[in-house]
Each structure stands twice: as structure tokens, then as C-alpha cells.
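Report on the structure given below.
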Amino acid sequence: MALAELKKSIEDKSAKLAVIGLGYVGLPLAAMCADVGFNVLGVEVKEERVERINAGKSPIEGQEPGLAELLARVINTGKLHATSDYTKLKDCDVVLIDVETPVNAQHEPEYVALRNALCSLGPALKQSALIIVESTIAPGTMKRVVQPELEKASGKKLNRGFYLGNCPERVMPGKLLANLRRMNRVVGGATPETAEVMAALYRHIVQAELDLTNCVTAELVKTVENAYRDVQIAFANEVALICEQVGGDVWKVRELVNKTPDRQMHLPGAGVGGHCIPKDPWLLASSLQKGDMSLRLIPAARTINDSMPLHMLELLKKGLQQAELKLEQAKVLVLGYAYLQNSDDTRNSPSAALVRELRSAGTKVCIHDPHVTAYQGDLYELAHGSDAVVLMTAHDTYGDIDLIRLRKVMKAPIIIDGRRVLDAGKVKKAGFILYQIGISD
Ligand code: SAJ
């Protein structure tokens, strides 16, 4: 099917779509394409997710407005069907790939899931199919990894046997469907004609702007936009550390700095987690080959942000010291395990980094998180006998903590607030020792 015919089949929705990877990105995408009228095959390696999705139940916990109803609807109409069988891709005209692209301990991309997807897709690849990689990848990956892997696995050649593009996802847990509809998308085609065909698909589900370009530009925009955010957050965190030393209140400083035109200082905090920000700067950095220039600012920002959970540990030690307690004797309740407020997503959670440090110091650690199934206990019961509470995630519910009740159940009265959720005056009035990120003790 030549590109022109493919474009027509996308415009009239007769094209058969497939989405490989039914996670935070792929599942909403598959459901939305099915909802506008495409027949969509969702391919997922985790059998239990396949079963749950085919039962019309979203495997994504946390607050995702509209997703559960949308999924139930498109499963019920049969427009979306999930499978773990890659051979079913043989009839698909457009295949979108939304698998994870983590970096390893050396900050290098592994692309295991991406390579597996390409190798499994290859043998089933329909003649003249369009493959769109939505996963975040390092600049140059489409050329160095995706194209050769797909040509080898399918025996077809780019722009003759199949077409290729990169349209980086821009989702955010908690607003998956809203972001999919409202975020501008960078549509990178291996050829300008391919980008046009890709845009025909995204016009069905994206109400924002589609910026057509080439693959390497799409790869750069995605990794740069997140490296930009990481550097911005690191700046806020470094200012917080300065304020703690020189007697300032970073939140007041930020408020007044941001009154200056063209300033937009981000929020300091207990750390930077998630599946995007901690990883994408390293993907960007990895696009440089040996012998190319060496980066200084982007790695430094990563180091600062990764140090914030350890800074929370330092503040905790100060609080314990004030109560003449030692870390190894203490019982500590960590509030918030998700990396983001009001989300259940715990990937690269700063809380995990803090809990590892506490447990290796011999501290008894309890964890509470209203959105993470494993940690949804009663906050006050979990706080019973604790020497300190460390607030790591700015979940809305933590703004309503009953401080008097909390004080009664705790053994020692220490609170470390890593997100400035609590009202310092009320906390101190309730008899707590309080340490906050960015405010000197
Ligand atoms: N964080 C701070 N200070 C800030 C902002 C965030 O410490 O000022 C922390 C958060 O607590 C979290 C981490 O950084 O631990 C990441 O937060 P995030 O708001 O960036 O949320 P993410 O990881 O879901 O980022 C996604 C990204 N979107 C995509 O990759 C498509 C990011 O580019 C967006 O800016 C962000 O959503 C958004 O706000 O939409």
C-alpha cells in the first residue's frame, strides 16, 4: 500500500492500527484511536495486563480522569482488543511503539524492550506499513537502532517495504487523556511525505498543533524539553540549599524572583522522579559519541536532583539530633512513595532512594501513600510510635493532616517537609520540631 493509499486509509479510518506497549502511554493512545473509530490491536507482553484490558478494566491505578470509562467502552464495542501474540500484527497498516526506554546504572540507554518489539514485529510486518516510535529515544536512535533492526527483522527496506517516523509521547500521569488531546506533538518522519501521513493519524486524536519535521529533530526536541526541566528544577534545588545556609526562605525568594519579568524559577523539593525527567537528560547525553564534546551542565543538574533525597536524610538527622536520637534507633514514617503528587506512579521515586538509605542505616521505616496500593494504610496507625515523619510527595491529602492527632501517636515530634505542604506555624504550634527544604533551621 503506497503512502498515498495509506494516508487515505488513515483519513477514512479503514487502516488497521496496532499499539505495542499498553502502559501509561500506549493504553490511552490505543483507547483513544479505537474511540474515534479505528480497529486497534494492542500488543502487550504482560499476560495479566492483556486479560485485565480485555475485561475492560484499566490496569492503571491513580486518578486518570475518563480512562476507565473510555477503555470499557472501546473493549465493549470490540474496537480495541489486546493480545500478547505478535503474529497478529500481520494485518496492521500502522504500528505505534510505546515501550519503555530506561537508562542503566551507567546512564546509557538499553533499548531492550524497543529491540524486542522491533525483532518481534519484523517477521509479521505488513508490506508498506508505517511504524511510529513514540517512546523517548536518544537523538540518532531512529537511524542507528530502529531502521537497521527493523530492516534486519523484516527483510524489508526503509521507504520501500515500510515507512518510519518518531512522534515522542508527551503524557503525564494524572492527565494521560488530557495531555494526549491537548499537548502539541512533534511529528518526525523519515521523509517529509511520511510526516504528512503520520499527521493524518494524529489529527484524529490531537486537538493541539502538529509540528512536522524529521526524526532527529523530534528525538532532540523530546530529550531537550525534559533536560531543560531537569536543569530548571536543579537550579531551584541549589537555591534552596543556598537559602538553608544563608538564612533565607526559598519559597519566598522564588515568589519574588518570579515577579521579575521572564523569570520562572521552578519548585525545589525532595527529589526528581518519574519515567521522563531523570532519564531523558541521559538519553540526550548518550547521543554524543566517544570523542565528541563532554557535557557539564546537564550531568551536574542530574547530580543535584539525585542528591535531594540524601539532603532530606541530612535534615532528618538534624531533627533526630535535636531530640537526642540516632538514625539507627529511630522509627520513621515516610509520607508519599509516588514520584508525583496525586499519582500512583512510583517509577524512579525519590522516596525509594530515601528508604534505601534509611534501611541501610538500620532505621525502622514505615511508608504511607494514599495512591499506591501497597502503602494505603491508616496514616495515624502507621505513625504510631514514630520518632519522625518525612513528607516526600505533595499528595493533596497531606495538606489536611490532623497535627494534634499525629503528635499524640508519635514518640518524638519531628517532621521533615520536603515539598512545603504543611503550614510551619501550625506544625510548630502543635509541638513539632520542623525542618523544611530551603528554609534555614
Ligand atoms: N519536580 C520538582 N520541581 C518542579 C517540578 C517537578 O521537584 O518544579 C519533581 C516532581 O516532584 C517529580 C519530578 O520532578 O518528582 C517530575 O515531575 P514533572 O512535573 O516533570 O512530571 P513528569 O515526570 O510526569 O513530567 C512530564 C513530562 N512530560 C513528558 O515527558 C511528556 C514533562 O516534560 C512535563 O513538563 C511534565 O510531565 C508536565 O508538567 O506536564
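Our numbering applies: residue 1162 is where the sequence shown begins, and numbers increase by one.
Note that CB positions come from ideal geometry on N, CA and C, so glycine has one too.
Worksheet entry | Nearest-angstrom Cα separation, counted from P1460 out to G1434 | Working through the sequence shown from its first residue, we reach residue 1434 at position 273. Working through the sequence shown from its first residue, we reach residue 1460 at position 299. Rounded to whole angstroms, G1434 to P1460 spans 16 Å at the Cα level.
Practice prompt. Would you check if there are 3 or more beta carbon pairs closer than 8 Å linking the stretch 1498-1516 to the stretch 1333-1349?
Written response: yes
Worksheet item: When the Cα atoms are used, what is the spatial distance from Y1559 to G1523?
Response: Here the question's residue 1559 lines up with position 398 in the sequence shown. Here the question's residue 1523 lines up with position 362 in the sequence shown. Cα-Cα distance, rounded: 26 Å.
Discussion item. Report the CB separation of E1205 from S1245 in whole angstroms; it is logged as a contact under 8 Å.
Written reply: Residue 1205 sits at position 44 when you count from the first residue of the sequence shown. Residue 1245 sits at position 84 when you count from the first residue of the sequence shown. With 8 Å as the limit, E1205 and S1245 qualify as a contact, their Cβ atoms being about 6 Å apart.
Worksheet item: Between I1366 and the rest of its own chain, which residues show a CB-CB distance below 8 Å, the 5 nearest in sequence each way excluded?
Response: Locating residue 1366 in the sequence shown gives position 205, counting from the first residue. Within the same chain, I1366 has close Cβ partners L1190, M1193, C1194, V1197, L1341 and R1342.
Worksheet item: Taking all protein chains shown into account, do 16 or more other C-beta atoms lie within 10 angstroms of the C-beta of M1473, making it buried, or fewer, making it exposed?
Response: Taking the first residue of the sequence shown as 1, we reach residue 1473 at position 312. Label assigned to M1473: buried.
Practice prompt. May I ask you to check if the CB of P1300 is nearer than 7 Å to at least one heavy atom of the ligand SAJ?
Written response: Within the sequence shown, residue 1300 is the residue found at index 139, counting from 1. The answer is no for P1300.
Fill in: Close beta carbons around E1225, own chain, < 6 Å, minus the five adjacent residues each side
Stepping through the sequence shown from its first residue, residue 1225 is reached at position 64. Closer than 6 Å at the Cβ level, and outside the excluded window around E1225, lie L1337.
Worksheet entry | Contact under 8 Å by Cβ, A1518 with L1471 | The residue you call residue 1518 lines up with position 357 of the sequence shown. The residue you call residue 1471 lines up with position 310 of the sequence shown. Per the sequence presented here, residue 1518 reads as Glu, with Ala not at that position. Result yes, Cβ atoms of E1518 and L1471 sit closer than 8 Å.
Worksheet item: Taking 7 Å as the cut-off, is the CB of I1438 close to at least one heavy atom of the ligand ADP?
Response: Although the ligand ADP was asked about, the structure shown includes only the ligand SAJ as ligands.
Fill in: Whole-Å CB distance - I1600 paired with C1404, under 8 Å assumed
As a working note, residue 1600 is residue 439 in the sequence shown. As a working note, residue 1404 is residue 243 in the sequence shown. Sure, about 7 Å apart at Cβ, within 8 Å.
Worksheet entry | For M1303 and E1380, the rounded distance between their alpha carbons | Numbered from its first residue, the sequence shown carries residue 1380 at position 219. Numbered from its first residue, the sequence shown carries residue 1303 at position 142. Approximately 8 Å, taken between the alpha carbons.
Practice prompt. Can you check the stretch 1332-1394 for any beta strand (DSSP E) of at least 3 residues that lies completely inside it and give the ranges in chain order?
Written response: 1346-1350 and 1371-1375
Discussion item. Can you tell me which residues form a DSSP beta bridge with Y1324?
Written reply: The residue labelled residue 1324 in the question sits at position 163 within the sequence shown. Paired residues: L1291.
Worksheet item: Can you give the Cα-Cα distance for P1531 and T1355, rounded to whole angstroms?
Response: Within the sequence shown, the letter at position 370 stands for residue 1531. Within the sequence shown, the letter at position 194 stands for residue 1355. In a straight line, the C-alpha of P1531 is about 45 Å away from that of T1355.
Practice prompt. Compute the minimum distance between the beta carbon of R1343 and the heavy atoms of the ligand SAJ, and state whether it is under 7 Å.
Written response: For the purposes of this step, residue 1343 is identified with residue 182 of the sequence shown, where counting begins at 1. Result no, Cβ not under 7 Å from the ligand SAJ.
Item to complete: Measure the alpha-carbon distance for F1396 versus V1255 and round it to whole angstroms.
Response: Within the sequence shown, the letter at position 235 stands for residue 1396. Within the sequence shown, the letter at position 94 stands for residue 1255. The alpha-carbon atoms of F1396 and V1255 are separated by roughly 42 Å.
Fill in: Euclidean distance between Cα positions of V1551 and N1387
Within the sequence shown, the letter at position 390 stands for residue 1551. Within the sequence shown, the letter at position 226 stands for residue 1387. Rounded to the nearest angstrom, the two C-alpha atoms are 27 Å apart.
Discussion item. Please determine whether the Cβ atom of L1138 lies at a distance below 7 Å from any heavy atom of the ligand SAJ.
Written reply: Any question about residue 1138 goes unanswered here, given that the chain covers just 1162 to 1602.
Fill in: Rounded distance between the beta-carbons of V1414 and V1392, thought under 8 Å
Translated into positions along the sequence shown, residue 1392 becomes position 231. Translated into positions along the sequence shown, residue 1414 becomes position 253. Contact doesn't hold; Cβ gap of about 18 Å is too wide.
Worksheet item: Of the residues I1575, L1250, L1311 and I1258, which one's Cα is nearest the Cα of Q1482?
Response: If you number the sequence shown from 1, residue 1482 lands on position 321. Looking at the Cα atoms, I1575 is the closest of the given residues.
Discussion item. For a test of the three-state rule: what should DSSP assign to Y1272, helix, strand or coil?
Written reply: Along the sequence shown, read from residue 1 onward, the residue named residue 1272 stands at position 111. Of the three classes helix, strand and coil, the one that applies to Y1272 here is coil, per DSSP.
Discussion item. The ligand SAJ and N1375: does the residue's C-beta get closer than 7 Å to at least one heavy atom of that ligand?
Written reply: The sequence position of residue 1375 within the sequence shown is 214, counting from 1. The answer is no for N1375.
Worksheet item: Just how far apart, CA to CA, sit K1218 and K1487?
Response: What you label residue 1218 is simply residue 57 of the sequence shown in a count that begins at 1. What you label residue 1487 is simply residue 326 of the sequence shown in a count that begins at 1. Taking the straight line from one Cα to the other gives about 47 Å.
Worksheet item: Quick one: Cα of R1508 to Cα of V1533, how far?
Response: In the sequence shown, residue 1508 corresponds to position 347, counting from 1. In the sequence shown, residue 1533 corresponds to position 372, counting from 1. Each residue's alpha carbon lies about 12 Å from the other.
Worksheet item: To which residues does DSSP link N1277 through a beta bridge?
Response: By one-based count along the sequence shown, residue 1277 stands at place 116. N1277 pairs with nothing; no bridge assigned.
Practice prompt. Please report the residue range of the alpha helix (DSSP H) in which I1214 lies.
Written response: Residue 1214 sits at position 53 when you count from the first residue of the sequence shown. Per DSSP, I1214 belongs to the alpha helix (DSSP H) from E1208 to N1215.
Worksheet item: Are the beta-carbon atoms of V1493 and D1548 separated by less than 8 Å?
Response: One-based indexing of the sequence shown puts residue 1493 at position 332. One-based indexing of the sequence shown puts residue 1548 at position 387. Going by C-beta atoms, V1493 is nearer than 8 Å to D1548.
Practice prompt. Assign V1441 to one of three DSSP states: helix, strand, or coil.
Written response: Here residue 1441 refers to the residue found at position 280 when the sequence shown is read from its first residue. According to the sequence provided, residue 1441 is Asp. The question's Val does not apply to it. Reduced to three states, the DSSP call for D1441 is helix.
Worksheet item: Does the beta carbon of V1332 fall short of 7 Å from some heavy atom of the ligand SAJ?
Response: For this step, residue 1332 is matched to residue 171 along the sequence shown. Under cutoff, so the answer is yes.
Worksheet item: Should G1316 be labelled buried (16 or more other beta-carbon atoms within 10 Å of its own) or exposed?
Response: Position 155 of the sequence shown holds residue 1316. Classification for G1316: exposed.
Fill in: Rounded distance between the beta-carbons of A1243 and V1211, thought under 8 Å
Your numbering for residue 1211 matches position 50 in the sequence shown. Your numbering for residue 1243 matches position 82 in the sequence shown. So it is a contact: roughly 5 Å between Cβ atoms.
Worksheet item: Bridge partners of K1525, per DSSP?
Response: For the purposes of this step, residue 1525 is taken as the residue at position 364 of the sequence shown. Partner(s): K1492.
Discussion item. Quick check on D1578: does DSSP put it in helix, strand or coil?
Written reply: On the sequence shown, position 417 is the one that residue 1578 refers to. Strand at D1578.
Practice prompt. For N1398, count neighbouring C-beta atoms within 10 Å of its own C-beta (all shown protein chains included) and say buried if the count is 16 or more, exposed if not.
Written response: Here residue 1398 corresponds to residue number 237 of the sequence shown, with the count starting at 1. The residue in question, N1398, is buried, as its Cβ has 16 or more Cβ neighbours within 10 Å.
Worksheet entry | Residue from V1385, R1364, K1383 and N1320 with nearest C-alpha to P1353 | In the sequence shown, counting from the first residue as 1, residue 1353 sits at position 192. Of the listed residues, the one whose Cα sits closest to P1353 is N1320.
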